[in-house]
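Residue numbers (this note's numbering), protein chains in the order written: chain A, 1 to 607; chain B, 1001 to 1466; chain C, 2001 to 2247; chain D, 3001 to 3109; chain E, 4001 to 4306.
Ideal placement from N, C-alpha and C gives every residue a C-beta, glycine not left out.
Here's the structure we're looking at; comments come further down.
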């Protein structure tokens, strides 16, 4: 069992899924589950073979700690969301190619994490890009996939530029040796650093490149959105890691201008991360489509992850990586619940739903726990990672970024609560009267993911051990833990003790509640309506414009998507000019151009 | 080496014979095509003296490494193009035979004036082919502009003859390198003349009229076969003959302008044939840039990649737009054709695992030797190229309006012929094969495979072998 | 406005090219071209294969090409591959014209030709034909050759069709003649290849220079070129006379 | 001297191509351009005291004019004829399709 | 994590409840004096709570109950974390982020049960409460970050300990004046006192989130409200007024701060929600960031002080 066997399982599994689901769709869906879960399990098998290298054709792979960790996170989200394919098998136009592309994109990302040289890295990177670019149009919008491809190709072309430039400088394609032995003076290395990290920024969805996230997540097929936000967004974090940890950025930019011990280019990226947190939160609060809301939350959390990884110190780096895991699980679960609701009701618009708790209680609880983790509230994993990030930022004294981090975390209470109140709580509309709970195949992954979030939240040591290995490999001071509790130099967090105390408090409240006289349960409609008789109960559900007063503050805000559209329009105008100036059907024009060129050159030649 | 002249003589012989038989002219075409492909297996490198006269006096057919690949590619592409579009041959079988001879001659000849004659043969057969799409104004425009172009070429050749007294390519290049006479004017005319046919931007006013309504056969012939031959000829000229620095800068600027504006107008165009048309203009601009900066090996792969991809895409595009212009239902009914089309467009963009990626890497390595701007420009253009090709592919695969997810597939009426399906799939498979195992292409050209050491040694003996 | 611009552009271009042509060291001035330093010196002395002998009219035997007319020597001997290409160009354009006209046999109505034309053409016709044939057959001795003679034959045919309108539809055999002479030309080339080892190679007994039967295969080649050009030009002229089939 | 005249002739042909609207005039302009080109080719081989390169009893090969440009011109003229024939036929087809030779009117459709 | 800890914790919660409720009673008298009336007995607050608890009321489903229990449980857990004058129920749990985020659990529980009740007014109230929280929380947190950077520790107890050295001038009130001002302003928001109390103001929409509550739910929410007041005020006292060496000193400071807040609330008008957000993002946020820069770049008030 080694590196190549996992990739083989995935690639072969993908092709097999294509053929099998041609036979019957259920078989295809089941193969997706089997291959992804198998790859997740096999990962643990090769945990001890860190450092082993394999080669196949002209690709060569190497298992590293960081690669293993990312693969662990991604295959978890892929494995869990694969369960949904069974229920969604006949809702796609090309079910067979969906199954194949689904598995191939996981194969691509694992190959990417294990890549030892840049060619393999780029090949698998592009494999992921175009497989997901062809899954998204299966959902609602074709335009979303086009914008997704363009933005991520901007990123990947920039990275290819950097890779080739490094190849010219160092002569080797091996990631480690090449990045280590780059020696340029300040400004060229800044350009190299920025172009290399660009594909990471586009993938995470950092400020100028976040336009594709709401469109792609919002309109991707319901079963693929969890992977898009849980899994694929994390690929960018890997590139960020490569460009900050493996590429000796802190030494190279060391002598340049520093702010609070962080070199300028890296601080600039952190400010970009902060801006994307603010934009993600503010826009998420405003959204009416639940999937777009969660997409913007991925933009915000992407900002956290980037800040975490860029800091490269013991606390925030660990916080960033843990947040990567926590957010992946939490946002994947949230998307899964929204998909379950969409599976039953057919829509993800918040204003059209309401009172789901009365028909889908398990989905409600799963959603509640996932948003507690996403908002970073204690008993869940999200809190531990946010705590680490905030402690790290406080220790370095980065006020502006800390402000954005707080705005993001408190803002997250608002936007996670909006679907909770408007979709699950409140009045149940009559048309959803005879709604059933989500099918069993959907409940399994949801419950599993909740258990994972809860256990990691209570005992963070489980995932922090992997992160400690990564920090050791990257040569960063390891985050210090005393027996399960985080004992950092300016803060102490014993997650299990917090959970126990919270349980104790809950116990006291429960006892108090039970001691008091019994209550009479009342029908949903029987609410305090100042003595007014209710004719149309379903209208009494507050879901539309949930945060109207806050949204009014930034009603007409500038949108970056408009910027992209204007740029594309400019390009089209140039194209139109070519069509008009050169391509009309008169011979005179082309002859005129030939003569003009000849005259210019002859004049040039004569002098 | 003796067979290289048969590659030209045989199609001509069959063309003349086809005047005798009224019906069944296609069989002569198939015969000539098959024999040419069979000759490819016994083809080996060397120079063939026509009429037995030594190099500077008689005309020579030269097959060195450079033109070996060119001959291979041109004949194979011709073979595949005829196979897949045999329905549209109609009355054009004789013209196609002469086109085959002309294209082979273009690539093999070692004599400047003979190149002019073969250029004429190819272009006149192209005129007659384009009349089949009933857009006579476009054809007229094509005739006038390329006639002016080839006359300019002849003017350049004559001026060089007046100066150096020989018409043979290699003796001419040696004479030019030894003497220091100012050769700017003839080289300018030669470059201008050839770039009309090689579709470089200011000179290619004729392209839209000819391509936009071209049927499958004419489209593949012009975009894939003639374009490949002309690019090989252009490559030879830019690398060896044109040594005047001013003209080399002119060629570089024109190459860049063509690449950028070609891709941008492709991004702007709506109908699929316009997209393919402008994309091939862009590719020829890219080849000019690579050739003028001395990167022969990457340029060759780009030409091969462009030739194969254009052939697949034009055939499928024509087959699909038979009834209505936007062929929405076509891919969902004929998934194999869809896969071939997508593979071709991915290879054109240069996505990994396809030949285009191998070409892009090589050209990037080469361009980085020169400066940082050219690779940056190439990559920006790839983004635009990726944008319009992916937009095209998504539009073709997925039906349904913007806001709704559709699951049903409407019936498409076109029924592509079996040979078209087989031909396009074989070509698509070849793109993938080279993408996976680039050494296949690598060792047939002296360059080592990309990865184990920096690509220093291009195919150096272009000058020597000629 | 367009005219003025075009004029301006062409004036500058003229000025530039003329200055470049006149005072650049590449092109020799008008009239001072030295034949010696160009490859056509060997074409004249016919010593491409090496042995150099001074050529005297009527005596020297078995030269490489053996044709008195150096231009025909080049056109049909040294660079006969060009001429092959040349013939194909003509062949394709004739073919193209007939393709575009389509298979119609309705001819344009033309008024009855004048008396002088009818009678005059009868008188001139034989002279034209004889001179044309003469030029073709004496291509290697006197100026002219296949192309020029063929053109004369075609003009004879044109004159004939102008005088009486039923003449042109009666000629069917042109297509055949065209194809036949083209095939024979290539067969000669292939024979040269099999016999002498190189495509379009002349046989080595080229007779004494200046006689009718000299210069090996060259007159044969030129004869067929003449026939081919004649038939093609007549074909094109007849196609232009046809009325368009209403496609 | 004549080669300058040839260049001017070529430019005249180009002037016709640039400015005329009539299709047949374009073909004529193209021909003028090619005649100018052929004249230029011929003047390349011209030698003041050279004679036609045909060996007769009375002349010797020493003072021949350069025969190669004349061979090239022969081919160029016939190619020019080929192109003109095809161009005229296409012009005739255009006339049938659009009913006019004026490219401005045709351009619109 | 011995049984002793849990006993201390339970007793501490009871003490905190008793202490805070009596102070609320006293303050109700102070407020009455303000309005020229005598106001109810000081133990009126206890009576209201026990009366409400004893009533049997209605329930809107399990979420409605579970939410209240979770809210009260969360607030009690946060009370346990609060360090008062060197008493710690559990060692090492007084990290500032833990306190503020477990407080959020309480908020979330209450919000969940409110909108779970099905009454649209409740959801509107909760939406306003969360927007208000976004307003007052962020400047406060920026000040907290400056403190953590300055004092190199995030535990509230240690911060309070550091301030006790130099008598009155050791307090953060004087070390970080701007920070203290921001602290007090955001205290006003945290307590939901007058300028920022539009989400629980009786005159607003049928008393906001609490609209559906009665009986023991209302009683529990009263307890919740008092305990969260205790948490917020003791936080401000610990962070800005040195936290007090003995319970008595802590109690006095606590009473002064709470009465000051009540007095301010007594005389100020009420902000609309978006006005509150705009208010907090003008001066308070600016002051906290300026305070941050002062502490980080110059170190006045923290490293270089008397």
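Are the C-beta of residue i and some C-beta of chain C separated by less than 9 angstroms?
i, result
"residue 606 of chain A", "yes"
"residue 3032 of chain D", "no"
Starting from residue i, trace the beta strand (DSSP E) in both directions and tell me its first and last residue.
i, result
"residue 1201 of chain B", "No beta strand (DSSP E) holds residue 1201 of chain B; DSSP gives it neither H nor E."
"residue 1046 of chain B", "1046 to 1049"
"residue 1062 of chain B", "1060 to 1063"
Report yes or no: is there a C-beta of chain B within less than 9 angstroms of the C-beta of residue i?
i, result
"residue 3052 of chain D", "no"
Does residue i have its Cβ less than 9 angstroms from a Cβ in chain A?
i, result
"residue 3024 of chain D", "no"
"residue 2001 of chain C", "no"
"residue 1444 of chain B", "Confidence at residue 1444 of chain B is low in this model, with a pLDDT of 49, below 50, so its placement is unreliable and the value that follows should be read with caution. So, not an interface residue."
"residue 1133 of chain B", "no"
"residue 1109 of chain B", "no"
At which residues does the alpha helix (DSSP H) containing residue i begin and terminate?
i, result
"residue 1036 of chain B", "1025 to 1042"
"residue 4020 of chain E", "4003 to 4034"
"residue 4144 of chain E", "4120 to 4151"
"residue 301 of chain A", "290 to 311"
"residue 151 of chain A", "142 to 170"
"residue 344 of chain A", "314 to 345"
"residue 1094 of chain B", "1093 to 1108"
"residue 125 of chain A", "118 to 135"
"residue 1169 of chain B", "1169 to 1178"
"residue 433 of chain A", "Note, residue 433 of chain A: premise wrong, no alpha helix (DSSP H); not H, not E."
Give a yes or no on whether the minimum CB-CB distance between residue i and chain D is below 9 angstroms.
i, result
"residue 1192 of chain B", "no"
"residue 1226 of chain B", "no"
"residue 2230 of chain C", "no"
Strictly by DSSP, which residues pair up with residue i?
i, result
"residue 487 of chain A", "A/492"
"residue 608 of chain A", "With chain A covering 1 to 607 only, the question about residue 608 of chain A has no answer from this structure."
"residue 520 of chain A", "E/4058"
"residue 3064 of chain D", "D/3051"
"residue 349 of chain A", "A/289"
Taking the alpha carbon of residue i as the point to measure from, which residue in the options has its own alpha carbon closest?
i, options, result
"residue 551 of chain A", "E/4284, E/4127, E/4033", "E/4127"
"residue 1236 of chain B", "B/1429, B/1250, B/1290", "B/1290"
"residue 511 of chain A", "E/4001, E/4003, E/4010", "E/4010"
"residue 23 of chain A", "A/10, A/77, A/89, A/74", "A/89"
"residue 143 of chain A", "B/1165, B/1254, B/1387", "B/1387"
Using a Cβ cut-off of 8 angstroms, pull out every chain G residue sitting near residue i, in sequence order please.
i, result
"residue 592 of chain A", "Absent from the structure is chain G; the protein chains it does hold are A, B, C, D and E."
Where in the stretch 3021 to 3056 of chain D do unbroken runs of the beta strand (DSSP E), each at least 3 residues long, occur, reported from the N-terminal end onward?
With a minimum length of 3 residues, no continuous beta strand (DSSP E) run stays inside the stretch 3021 to 3056 of chain D.
Alpha helix (DSSP H) runs contained entirely in the stretch 4153 to 4223 of chain E, provided each spans 4 or more residues:
Counting only runs of 4+ residues, the alpha helix (DSSP H) found wholly inside the stretch 4153 to 4223 of chain E occupies 4156 to 4163, 4172 to 4175, 4177 to 4191, in chain order.
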